[in-house]
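Anchor point for the sequence shown: position 8 equals 8 in full-length UniProt numbering, and the numbering is continuous, going up by one each time. Heads up, the beta-carbon is just placed ideally off N, CA and C, and yes, glycines get one too. Worksheet: the structure to be examined is printed underneath.
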Amino acid sequence: MNTRVLLVVFIMCSTWCCNARDLPSPQVSEEADTIFGLESTAELFSGKVQIGNDELCLGCENLASEALDYLLKNKTEKQILGLFHHYCSLLPSFEQQCILLVDFYGTVFFENAKAFQPGEFCRQLGLCEGAISSGLSKKDTCDICHDVVTEALLKLRDPDTELEIVKVLLNACDSVKKSTSKCKRLVFEYVPLILVNAEQFLETRDICGILRVCKSSEEDDLVESKVPLLATSYIRSNHAQSG
1 MNTRVLLVVF
11 IMCSTWCCNA
21 RDLPSPQVSE
31 EADTIFGLES
41 TAELFSGKVQ
51 IGNDELCLGC
61 ENLASEALDY
71 LLKNKTEKQI
81 LGLFHHYCSL
91 LPSFEQQCIL
101 LVDFYGTVFF
111 ENAKAFQPGE
121 FCRQLGLCEG
131 AISSGLSKKD
141 TCDICHDVVT
151 EALLKLRDPD
161 TELEIVKVLL
171 NACDSVKKST
181 SKCKRLVFEY
191 VPLILVNAEQ
201 FLETRDICGI
211 LRVCKSSEED
221 DLVESKVPLL
231 ATSYIRSNHA
241 QSG
């Protein structure tokens with residue numbers, strides 16, 4: 001998966017995590033904050049340290065390494081999957097489809113996490129010198145965030161992006177030997193829908209404000225967010241056909 005697709009997936013995952021953190025679940029919200037190191041992340045992006053600074057780069061790599069170590073523990077995998085299963089139960093009309101998607105993409109995510117490189121990840125984000133151009137590294141973090149969101153939107157509108165993501169997921173399905181056919185059917189059925197809804201989400205939300213990289217321009221809260229109308233109508237029609 002190339003750099004641009006990585007950025008698109010990063011934004012999609014960020015919005016998903018933000019949405020999940022704001023849903024009502026007192027027992028897991030505090031733990032989730034600890035898992036994802038949100039306070040540490042806020043300090044890194046506070047603007048007190050310039051982009052490209054060794055301290056910021058080291059902080060990013062340390063945070064990413066700690067997150068990776070935590071993610072690769074079996075106990076953590078069960079906790080995270082359990083967390084998302086809980087959120088699935090809050091969407092009665094979508095619960096079964098949601099659980100299927102969580103189980104499939106969760107397996108793919110944890111398999112790919114093993115190849116994750118903290119140093120390369122921080123360079124991709126522009127927090128360490130390297131892959132990102134020097135012109136971009138001189139901008140503040142808010143501008144960088146808007147650049148990434150803009151690029152993510154452009155990629156989501158590009159048909160080649162969908163084909164590339166589908167190809168990667170189909171290859172991943174081959175590793176799920178007992179459910180390969182079912183896995184591939186889910187990819188073809190839901191990936192186009194997820195990408196459309198991701199584009200809609202990025203267009204209607206102040207993502208950089210939600211991530212606290214920029215001053216938020218939104219007055220509404222993600223806790224009031226609902227499953228997009230497109231997804232709801234699709235799921236209802238699909239359920240009616242199978243009933």
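In the three-state DSSP reduction, K178 falls in the helix class (H, G or I). Taking the CA atoms as reference points, R185 sits about 10 Å from S179. The beta carbon of C183 is closer than 7 Å to those of F104, C173, V176 in its chain, skipping five residues each way along the sequence. Here K155 is buried, its C-beta having at least 16 other C-beta atoms within 10 Å. At a Cβ-Cβ threshold of 8 Å, L68 and A115 do not count as neighbours. A direct Cα-to-Cα measurement between L170 and L163 gives close to 10 Å. It is roughly 10 Å from the alpha-carbon of L71 to the alpha-carbon of A64.
A115 sits in coil when the DSSP states are folded into three classes, being neither helix nor strand. Judged by DSSP secondary structure, E129 falls outside any alpha helix (DSSP H); it is assigned neither H nor E. L127 is a Cβ neighbour of C57, given a cutoff of 8 Å.
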